[in-house]
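S.K.: A single structure is presented below for examination.
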Amino acid sequence: MNTHLNSIRTIALVCIAGKAVSVGFSSEEASLATSVNASITTFLMFTLCYLSVEYGIQFFIIPLVREPLGVISFKRRKDKAVEQLEGTVINLAEGVSPLDTPKAQEVIAYTLGTFAGVLTNEELMSLDNNLKAFILGEPTTQISVNRRISKFRTHDVYHFGWNIAKRLKIPNTMMAEFLKSQFPWQLADVEISTIAKKLSSDEGAFTLPKVEPRLPLTPFPLAKKLGIC
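With numbering that gives the first Met the number 0, the residue at position 55 of the sequence shown is 54, and numbering never jumps.
Spelled out as structure tokens, the structure:
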């Protein structure tokens, strides 16, 4: 800002000097000394007028205008802050639990419907509770399924995790950790890093298919496909 003002002042002084010289030498009959004196006098008068205008604006007019403008700007910022605060309070008051979102409800229904008949009631309830805790970001220490299930393979667990992760937008590594904690028997020999990489893998045998995120995630008749019922 100061650089711009100094540039403007320099240009103004050069213009004033030029005007002063032109005025001083405008008379053909005047002597050199008279013309020089007239130029200097004119230069000083124009410079004084310029400085009077500049400092008058800088020290009198700007302070008078700055205060009302500052008050208006402050009021606008305050009103905007109040509106944002009120909006935040409303959102908190009407906040929806992560478990009540459409995607979470879809994932929970998919899980319960898919594993119905495959898991025991205790296992299914445990998986349901642990999944809800996982969605809420709470720790899950209880194992849901720690036994062999006939024809239920590692890739079935992968695809189950992939279908959930894509709906809830959960990173593969976090999903892999959850799957490892819930299906330790099926994933006993698989590292978490490997699980994360293979969630979408179609290599090998599997029964539970992947469901593209653009499609509804409806319960899969896993028990029937595994020949359990």
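Each residue gets a CB set at the ideal place from its N, CA and C atoms; glycine is no exception.
#1: Only counting the same chain, and skipping five residues up and downstream in sequence, which positions put a Cβ closer than 8 Å to that of L167?
#2: Which runs of the alpha helix (DSSP H) at least 4 residues long sit entirely within the stretch 124-178? Give them in chain order.
#3: Compare the beta carbon distance of L225 and S149 with 9 Å and say whether it is the shorter of the two.
#4: Could you tell me whether the stretch 122-130 touches the stretch 198-214, where touching means 3 or more Cβ pairs closer than 8 Å?
#5: Where does L214 fall in DSSP's three states?
#6: Quick one: Cα of G112 to Cα of I163, how far?
#7: Pull up the CB-CB distance for R152 and W184, whole angstroms please, since I reckon it's below 8 Å.
#8: When the Cα atoms are used, what is the spatial distance from V210 to L216?
#9: Tell me the DSSP bridge mates of L118?
#10: Taking the continuous alpha helix (DSSP H) assigned at A195, which residues delimit it?
#11: Please list the terminal residues of the continuous alpha helix (DSSP H) segment that includes A222.
#12: Report the rounded CA-to-CA distance for I194 versus I169, giving the unit in angstroms.
#13: Assuming F159 and L207 make a contact with CB atoms under 8 Å, what is their CB distance in whole Å?
#14: To the nearest angstrom, report how far apart I191 and G94 are at their CA atoms.
#15: Leaving aside the five residues before and after A92 along the sequence, list all residues of the same chain whose C-beta is less than 6 Å from its C-beta, in chain order.
#16: Rounded to whole angstroms, what is the Cα-Cα separation between Y157 and S96?
#17: Just mark A204 as buried or exposed, buried being the case when its beta carbon has 16 or more other beta carbons within 10 Å.
#18: Assuming Y267 and P218 are in contact, meaning their beta carbons sit under 8 Å apart, how far apart are those beta carbons, in whole angstroms?
#19: Thinking T139 and S180 are a contact (beta carbons under 8 Å), I'd like their distance in whole angstroms, please.
#20: Give me the Cα-Cα distance between V189 and D155, rounded to the nearest whole angstrom.
#21: For N128, count neighbouring Cβ atoms within 10 angstroms of its own Cβ and tell me buried if that reaches 16, exposed if not.
#22: Check whether the Cβ atoms of A187 and V117 sit closer than 9 Å, and answer yes or no.
M.R.: According to the structure shown:
#1: Walking along the sequence shown from the start, residue 167 turns up at place 168. For L167, where only same-chain residues beyond five positions count, the Cβ hits under 8 Å are K102, A103, V106, I134.
#2: 153-167
#3: If you number the sequence shown from 1, residue 225 lands on position 226. If you number the sequence shown from 1, residue 149 lands on position 150. Yes, the Cβ-Cβ distance between L225 and S149 is below 9 Å.
#4: no
#5: Along the sequence shown, one-based indexing puts residue 214 at 215. Collapsing the DSSP output to three states places L214 in coil.
#6: Within the sequence shown, the letter at position 113 stands for residue 112. Within the sequence shown, the letter at position 164 stands for residue 163. So the alpha carbons of these two residues sit roughly 14 Å apart.
#7: Numbered from 1 along the sequence shown, position 153 holds the residue referred to as residue 152. Numbered from 1 along the sequence shown, position 185 holds the residue referred to as residue 184. Actually they are not in contact, since the Cβ atoms of R152 and W184 sit about 12 Å apart, beyond 8 Å.
#8: In the sequence shown, the residue the question calls residue 210 occupies position 211. In the sequence shown, the residue the question calls residue 216 occupies position 217. Approximately 7 Å between the Cα atoms of the pair.
#9: The sequence position of residue 118 within the sequence shown is 119, counting from 1. DSSP, once it has assigned bridges, lists A115 as partnering L118.
#10: Position 196 of the sequence shown, counting from 1, holds the residue named residue 195. Taken as a continuous stretch (DSSP letters only), the alpha helix (DSSP H) holding A195 covers 191-197.
#11: Within the sequence shown, the letter at position 223 stands for residue 222. A222 -> alpha helix (DSSP H) spans 221-224.
#12: Translated into positions along the sequence shown, residue 194 becomes position 195. Translated into positions along the sequence shown, residue 169 becomes position 170. Spanning the two alpha carbons is a distance of roughly 14 Å.
#13: Within the sequence shown, numbered from 1, the residue matching residue 159 stands at position 160. Within the sequence shown, numbered from 1, the residue matching residue 207 stands at position 208. At roughly 6 Å, the Cβ-Cβ gap stays under 8 Å, so F159 and L207 are in contact.
#14: If you number the sequence shown from 1, residue 191 lands on position 192. If you number the sequence shown from 1, residue 94 lands on position 95. Going from the Cα of I191 to the Cα of G94 covers about 34 Å.
#15: To locate residue 92, count along the sequence shown from 1; it is residue 93. With a pLDDT of only 45 at A92, under 50, the local geometry of the prediction cannot be trusted, and the value read off the model is given with reservation. Correct list: empty, nothing qualifies.
#16: Taking the first residue of the sequence shown as position 1, residue 157 is located at position 158. Taking the first residue of the sequence shown as position 1, residue 96 is located at position 97. Y157 and S96: Cα-Cα distance of roughly 27 Å.
#17: Locating residue 204 in the sequence shown gives position 205, where the first residue counts as 1. So A204 ends up on the exposed side.
#18: In the structure as shown, the chain starts at 0 and stops at 228, and residue 267 therefore has no counterpart that could be examined.
#19: Working through the sequence shown from its first residue, we reach residue 139 at position 140. Working through the sequence shown from its first residue, we reach residue 180 at position 181. With a Cβ gap of about 6 Å, T139 and S180 count as contacting.
#20: Mapped onto the sequence shown, residue 189 falls at position 190. Mapped onto the sequence shown, residue 155 falls at position 156. Approximately 14 Å, taken between the alpha carbons.
#21: Here residue 128 corresponds to residue number 129 of the sequence shown, with the count starting at 1. Exposed, by the Cβ-count rule.
#22: As a position in the sequence shown, residue 187 is number 188, starting the count at 1. As a position in the sequence shown, residue 117 is number 118, starting the count at 1. Going by C-beta atoms, A187 is not nearer than 9 Å to V117.
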